[in-house]
Each structure stands twice: as structure tokens, then as C-alpha cells.
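S.K.:
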Amino acid sequence: AKLEGKNGLFFYRDHLRAAAEENLRLEQLLRESLERGEVDLNYQPIVALDSGRVVGAEALLRWHHPELGQVEPDRFIAVAESSTLIDELGRFVLARACHDAAAWQESCPGLRVGVNISGRQLLRRDLVHLVEQSLAESGLPAACLSLELTESSLLHDRDLAAETLLALRQRDINVWLDDFGTGFSGLNHLRQLRVSGVKIDRSFVADILSDPDDLALSSAIIAMAHSVGMRVIAEGVESREQLELLRDNGCDLVQGFLLARPMPAAEIAAFRPEPGLF
Ligand code: C2E
Ligand code: CA
Ligand code: CA
Ligand code: CA
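The opening residue of the sequence shown carries number 425 in full-length UniProt numbering; numbering runs sequentially from there.
1. Please classify Y436 as buried or exposed, where buried requires at least 16 other C-beta atoms within 10 Å of its C-beta.
2. Per the DSSP calculation, W600 is bridged to which residue(s)?
3. Any heavy atom of ligand 3 closer than 7 Å to the Cβ of D474?
4. In the structure shown, what three-state DSSP assignment does A649 receive?
5. In terms of residues, what are the limits of the alpha helix (DSSP H) holding V503?
6. Leaving out five residues before and five after R618 in sequence, what residues of the same chain have Cβ atoms less than 6 Å from its Cβ?
7. To the nearest angstrom, how far is the alpha carbon of L683 from that of V629?
8. Assuming I692 is part of the alpha helix (DSSP H), what are its boundary residues?
9. How many angstroms separate the CA atom of E561 from the CA atom of A527?
10. Out of L554, D625, S663 and R595, state which residue places its alpha-carbon closest to the alpha-carbon of E575.
11. Using the C-alpha atoms, what's the distance from Q452 back to Q529?
12. Does at least one heavy atom of ligand 1 sit under 7 Å from the Cβ of N540?
13. Below 8 Å on the Cβ atoms is my contact criterion, and I expect E482 with Q494 to pass it. Report the Cβ-Cβ distance as a whole number of Å.
14. Which class does R486 belong to by DSSP, given the choice of helix, strand or coil?
15. Confirm the yes/no value for this check: CB of D511, any heavy atom of ligand 2, distance under 7 Å.
16. Between which two residues does the alpha helix (DSSP H) carrying I510 extend?
17. Between W600 and S570, how many whole angstroms is the CB-CB distance? I'm expecting something under 8 Å.
18. Along the chain, where does the alpha helix (DSSP H) that runs through N673 open and close?
19. Check each candidate in L551, L547, A502 and R455 and name the one with the smallest Cα separation from R582.
20. Taking 8 Å as the threshold (C-beta atoms), are L513 and D521 in contact?
21. In chain order, what residues of the same chain have a beta carbon less than 8 Å from the beta carbon of E587, not counting five sequence neighbours either side?
Set out below in C-alpha cells:
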């Protein structure tokens, strides 16, 4: 038994070392891909539940490596976040998303773009400057840019987060709270930070038809958000039944495979949801 335990420890150590090496290799490959233009953004439409109008689209990173193939964003973003690569990746995303959304303005004035900001990016003092620079270079109006921040990223350095959010709001840039319901932020805290609204995490939307607790929670989030003047996006809407339930509960905006999968920037301006849904 003792011998087994010893072997087990060796296996565990080997496993850890292998995982660390794999992460380093991924980081290196991602760095090269970023330089070679193998990293791209797709956009998923965000639709108003009352009218079916497309009001914006969320930018989502896509990495296609010639040998590895398609790598999942959750995987490679975690790798980038554990190094300084997230700074370069973040700069790329902001610049590209503003550039793409500026091109939509001609045929779809006011159409917004949502950009995910990682916790590490929020801790950088130059985030506001970087955002301003991307807006200036692209010509995108500030009101057409929404930043999506997660609850946990607001908790690392509360003072810096509050300061950054205020600076963004003063510049007319909207901030939304992503993955809402998975953390612990009270809505009052968010109201003080002048967040525009919250995105109900897809894990809740997935179960609203089958789990009364998830429906109750989603419905409470919507009611409370409205009571403090914030709006609500439900993400991960996959069925007509979910859409209708969210509408009955007063949700403002929806996003999910039922409406559209993420698509290339060039397809966004012409996209309309299936009319039967609204
Ligand atoms: P997220 O911000 O919660 O983005 C929503 C995720 O849900 C996306 O996954 C999207 O493709 C997926 N999704 C949308 N509708 C549906 C649906 O109806 N059903 C299902 N099953 N999934 C749906 P994706 O593209 O794999 O991105 C995963 C995560 O990676 C994102 O979660 C976000 O946290 C992160 N991410 C993606 N792009 C960026 C980026 O540019 N910067 C940063 N910092 N993070 C990013
Ligand atoms: Ca998001
Ligand atoms: Ca989410
Ligand atoms: Ca559940």
C-alpha cells in the first residue's frame, strides 16, 4: 500500500509538471498565432425581447491554430490570463471590436458591441486610456461600446474598480456585469458603481424550465435590477420556451443559439432574428 501511495505521488507530480509544460506551450503558440493573424473575433447578436430588434453583439474570441485546430476560449484565455499575454490579447480585442463595430454604424447606426474584459485587464491603470485610444482610432461613438466585467473582477481591488467604472461612465461607456448570479455582488453595490445592467449566466437560463429555483432566482434578479434602474440580458437562450418564460418575467434582452450562433463581423449588419420568435 505504501509503495502504491508513493507511485501515486510521483504520478501526481508528473501530471502537474506536464500540465504546466502544456500551458507554457499553449501560451507560446497563442503568442505566435496572435502575430500571424490566426486569432479572430466572432459576434453573437443581442436582441430586444419586446421588438426582436438587434441592439448589439458580443465579441467572442476565436483561435484557429493550423495544427491544434480550434481551441476553446475558456482554455486559452485562462492560459493568457496567467501571463502578460492577456494584455496583448485584450488590446487586440478592444481595437478589433471597435473597428468592426464602427463599420456597422453606416447601415445600423447605434448598434453596440460588447467586449469582455478579464479581471487582470481591469487591474491595469491604463484600461481607460486603452479604451479611449480604441474609440479614437476607430471613430466608434463611446455610447456604442459596452464592457462586460465579471463579479469576481470587481472584488480584487474595489477602490480601483470603482474608480475605473466611474471614469468609464463619465465617458459614456456602458458597463455590464457578466455571469450574474454566480458570485456575490449585491445589486445595490452595482447600482452605486453605475453599472448599466446584468447578464444572467447561461447556467441559470439552462434550467429555468425544469428547476423552479432557477426560475425564481432569474425572475427575482430581473425584478430587483429593474427596481434600481438596471437592465437585464439573459444569455444562453436555446429554446422558444425559455424565450417566452423570460419575456413573461420581464427580461429586456436575450442572446443565445436560438437567435444566432456567433458569426463573422461582416454578417452582423444584415442579421435579423427569425420573425416568428417575436
Ligand atoms: P461569456 O462571456 O459568458 O460568453 C458567452 C459564452 O456562451 C460564449 O462561449 C458563447 O459562444 C456561449 N453561448 C452563447 N449562446 C449560447 C447558447 O445558447 N448555448 C450555449 N451552450 N452556449 C452559448 P465562448 O465563445 O466559448 O466563450 C467562453 C468564455 O470565454 C466567455 O464566456 C468569456 O468569459 C471568455 N471570452 C470570450 N471572448 C473573450 C474576450 O475577447 N476576452 C475575454 N477576456 N474573455 C473572452
Ligand atoms: Ca460575456
Ligand atoms: Ca456566461
Ligand atoms: Ca439548477
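The beta carbon of each residue, even a glycine, is placed where N, CA and C say it ideally should be.
These numbers were taken from a predicted model, which means no experiment stands behind them.
M.R.: Here's the rundown:
1. Locating residue 436 in the sequence shown gives position 12, where the first residue counts as 1. Per the 10 Å Cβ criterion, exposed.
2. On the sequence shown, position 176 is the one that residue 600 refers to. Per DSSP, E572 and G621.
3. Locating residue 474 in the sequence shown gives position 50, counting from the first residue. D474 Cβ: outside cutoff for every heavy atom of ligand 3.
4. In the sequence shown, counting from the first residue as 1, residue 649 sits at position 225. Helix at A649.
5. Within the sequence shown, residue 503 is the residue found at index 79, counting from 1. Counting along the chain, the alpha helix (DSSP H) containing V503 begins and ends at P497 to E505.
6. Working through the sequence shown from its first residue, we reach residue 618 at position 194. Excluding sequence neighbours, R618 sits near R593.
7. By 1-based counting over the sequence shown, the position of residue 683 is 259. By 1-based counting over the sequence shown, the position of residue 629 is 205. The alpha-carbon atoms of L683 and V629 are separated by roughly 14 Å.
8. Position 268 of the sequence shown, counting from 1, holds the residue named residue 692. From DSSP, the alpha helix (DSSP H) with I692 extends over A689 to I692.
9. Along the sequence shown, read from residue 1 onward, the residue named residue 561 stands at position 137. Along the sequence shown, read from residue 1 onward, the residue named residue 527 stands at position 103. Taking the straight line from one Cα to the other gives about 13 Å.
10. Taking the first residue of the sequence shown as 1, we reach residue 575 at position 151. Minimum Cα distance to E575 is reached at D625.
11. Counting from one through the sequence shown, the residue named residue 529 turns up at place 105. Counting from one through the sequence shown, the residue named residue 452 turns up at place 28. Using only the alpha carbons, I get a separation of about 36 Å.
12. Translated into the one-based positions of the sequence shown, residue 540 becomes position 116. N540 Cβ: within cutoff of ligand 1.
13. For the purposes of this step, residue 482 is identified with residue 58 of the sequence shown, where counting begins at 1. For the purposes of this step, residue 494 is identified with residue 70 of the sequence shown, where counting begins at 1. So it is not a contact: roughly 18 Å between Cβ atoms.
14. Locating residue 486 in the sequence shown gives position 62, counting from the first residue. In the structure shown, R486 sits in a strand (DSSP, three-state: E or B).
15. For the purposes of this step, residue 511 is taken as the residue at position 87 of the sequence shown. No, Cβ of D511 sits at least 7 Å from all heavy atoms of ligand 2.
16. Looking up residue 510 in the sequence shown gives position 86. I510 -> alpha helix (DSSP H) spans L509 to W528.
17. Stepping through the sequence shown from its first residue, residue 600 is reached at position 176. Stepping through the sequence shown from its first residue, residue 570 is reached at position 146. About 6 Å; that satisfies the 8 Å criterion.
18. As a working note, residue 673 is residue 249 in the sequence shown. Per DSSP, N673 belongs to no alpha helix (DSSP H) and is neither H nor E.
19. By one-based count along the sequence shown, residue 582 stands at place 158. Ranking L551, L547, A502 and R455 by Cα distance to R582 puts L547 first.
20. In the sequence shown, counting from the first residue as 1, residue 521 sits at position 97. In the sequence shown, counting from the first residue as 1, residue 513 sits at position 89. In the sequence on display, residue 521 carries Ala and not Asp. Result no, Cβ atoms of A521 and L513 do not sit closer than 8 Å.
21. The residue labelled residue 587 in the question sits at position 163 within the sequence shown. Same-chain partners within the cutoff: there are none.
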